[in-house]
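**Q** From first to last, the protein sequence lines are chains B and V.
For the first sequence, this note's numbering assigns the number 1 to the initial residue and increments by one for each residue that follows.
For the second sequence, this note's numbering assigns the number 1 to the initial residue and increments by one for each residue that follows.
Mind having a look at this structure? Questions to follow.
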Amino acid sequence: RKEVEQDPGPFNVPEGATVAFNCTYSNSASQSFFWYRQDCRKEPKLLMSVYSSGNEDGRFTAQLNRASQYISLLIRDSKLSDSATYLCVVGDLSGGYNKLIFGAGTRLAVHP
Amino acid sequence: DVKVTQSSRYLVKRTGEKVFLECVQDMDHENMFWYRQDPGLGLRLIYFSYDVKMKEKGDIPEGYSVSREKKERFSLILESASTNQTSMYLCASRRQNSYEQYFGPGTRLTVT
C-alpha cells in the first residue's frame, strides 16, 4: 500500500465548477499535511498547509480528518488557471528528520 | 524570493556514463534534497543533506551518490548511468525545522 494515495484523475470540469480531491495516508503518526500544486513541466510549489480545524485560502479549502487519515482539497469557482496537478503531501518525523512524503498527484483540467 | 537553480533542464547521456546534476540555492537553507519524479509514482527521495558535508540516504539511494561541500550547493552523482535512471530529477531546499520545501525547475535526464 502506498504511503499517500490519491486518485490520479484527470478531473475535467467547466469553469465555475466546484471540484474536490481526496487523499489518504497510511501513517497514523504523521504530523503535518500539505497540498502542493505542480503545473505541467514545472516544479511543485506549496499551495497550502492543512490544519486539523480546516483552513481556507480564497477559493481553496483544505480539510483534515485524522481519525480516517484523510485529507481533502475543495476548489470553488474553478478558473482555467487552476489546471494543474495537485500533490497531497504528508510530513513525518523519521529518524529525527522532518520528511515529506508525496502522493502521485491528481490532475485537474478546467475547460471553458 | 527563494531561488533554487539546477544546472541543466534537459540532459541526454549514454549507459555507463558518469553524470553530475548540480543544484544551488540562494536562501542560506540548511537542508537540501534530491528527488526523482516518475509518472504514477510521485516524488521519491534519493538523498538529503541537513548540513554541509552531511548526507542521509532517502528511499531510493541505490545507484546514486551526493556531495555537499558548500551550504548553497548539493550535487547528485550517477556513478554509471543506466536506462532505469531516465527520469525527472528535482532538487529542493528548506530551512531547518521547517516542512516547506522550495523546488528547482527540474532536470529531465534521458539515458540511452
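Heads up, the beta-carbon is just placed ideally off N, CA and C, and yes, glycines get one too.
Keep in mind the model is a prediction, meaning the values are calculated, not measured.
Using a Cβ-Cβ distance under 8 Å, would G63/V count as near chain B?
**A** The residue you call residue 63/V lines up with position 63 of the second sequence. Taking Cβ atoms only, chain B never reaches closer than 8 Å to G63/V, which makes this a no.
**Q** Where does T5/V fall in DSSP's three states?
**A** Position 5 of the second sequence holds residue 5/V. Looking at T5/V - three-state DSSP - the assignment turns out to be strand.
**Q** Whole angstroms is fine: what's the gap from R59/B's alpha carbon to F74/V's?
**A** Walking along the first sequence from the start, residue 59/B turns up at place 59. Walking along the second sequence from the start, residue 74/V turns up at place 74. Spanning the two alpha carbons is a distance of roughly 37 Å.
**Q** List, in chain order, every chain V residue whose beta-carbon is nearer than 7 Å to that of E43/B.
**A** Looking up residue 43/B in the first sequence gives position 43. Chain V residues near E43/B: L90, F103, G104, P105 and G106.
**Q** Any contact of the segment 74-87 of chain B with the segment 21-41 of chain V, i.e. 3+ C-beta pairs under 8 Å?
**A** no
**Q** I46/V: which of S49/B, L100/B, M48/B and R107/B sits nearest, CA to CA?
**A** For the purposes of this step, residue 46/V is taken as the residue at position 46 of the second sequence. Put simply, of S49/B, L100/B, M48/B and R107/B the residue whose alpha carbon is nearest the alpha carbon of I46/V is L100/B.
**Q** How would you call L41/V, buried or exposed, if buried means at least 16 neighbouring beta carbons within 10 angstroms?
**A** Translated into positions along the second sequence, residue 41/V becomes position 41. It is exposed - the Cβ of L41/V has fewer than 16 other Cβ atoms within 10 Å.
**Q** Of all the options V19/B, D57/B and E43/B, which has the alpha carbon lying nearest to the alpha carbon of G9/B?
**A** Walking along the first sequence from the start, residue 9/B turns up at place 9. Taking only the C-alpha atoms, the option nearest G9/B is V19/B.
**Q** Identify, in the order they occur along the chain, each residue of the same chain with its Cβ nearer than 7 Å to the Cβ of P61/V, setting aside the five sequence neighbours on each side.
**A** The sequence position of residue 61/V within the second sequence is 61, counting from 1. Same-chain partners within the cutoff: I46 and Y47.
**Q** Whole angstroms is fine: what's the gap from R108/V's alpha carbon to K13/V's?
**A** Mapped onto the second sequence, residue 108/V falls at position 108. Mapped onto the second sequence, residue 13/V falls at position 13. Going from the Cα of R108/V to the Cα of K13/V covers about 11 Å.
**Q** Whole-angstrom Cβ separation of Y86/B and T106/B, contact assumed at under 8 Å?
**A** In the first sequence, the residue the question calls residue 86/B occupies position 86. In the first sequence, the residue the question calls residue 106/B occupies position 106. Their Cβ separation, rounded to whole angstroms, is 5 Å, which keeps Y86/B and T106/B in contact under 8 Å.
**Q** Quick check on E100/V - is its C-beta less than 8 Å from some C-beta in chain B?
**A** Residue 100/V sits at position 100 when you count from the first residue of the second sequence. By this cut-off, E100/V is an interface position.
**Q** Taking the alpha carbon of W34/V as the point to measure from, which residue in S49/V, D28/V, T110/V and R95/V has its own alpha carbon closest?
**A** Counting from 1 along the second sequence, the entry for residue 34/V is found at position 34. Nearest C-alpha to W34/V: S49/V.
**Q** Assuming contact is defined by CB atoms lying nearer than 8 Å, are R37/B and A84/B in contact in what I supplied?
**A** Walking along the first sequence from the start, residue 37/B turns up at place 37. Walking along the first sequence from the start, residue 84/B turns up at place 84. Result yes, Cβ atoms of R37/B and A84/B sit closer than 8 Å.
**Q** Counting only runs of 3+ residues fully inside the segment 25-68 of chain V, write out the beta strand (DSSP E) ranges in chain order.
**A** 31-38 and 42-49
**Q** Taking the alpha-carbon of T86/V as reference, which of R94/V, K70/V, N97/V and G63/V has the nearest alpha-carbon?
**A** For the purposes of this step, residue 86/V is taken as the residue at position 86 of the second sequence. For the residues R94/V, K70/V, N97/V and G63/V, the minimum Cα distance to T86/V belongs to G63/V.
**Q** Who are the neighbours of L41/V on chain B, taking C-beta pairs under 7 Å?
**A** As a working mapping, residue 41/V is identified with position 41 in the second sequence. Contact annotation for L41/V against chain B: A104 [CB-CB distance below 7 Å, chain order].
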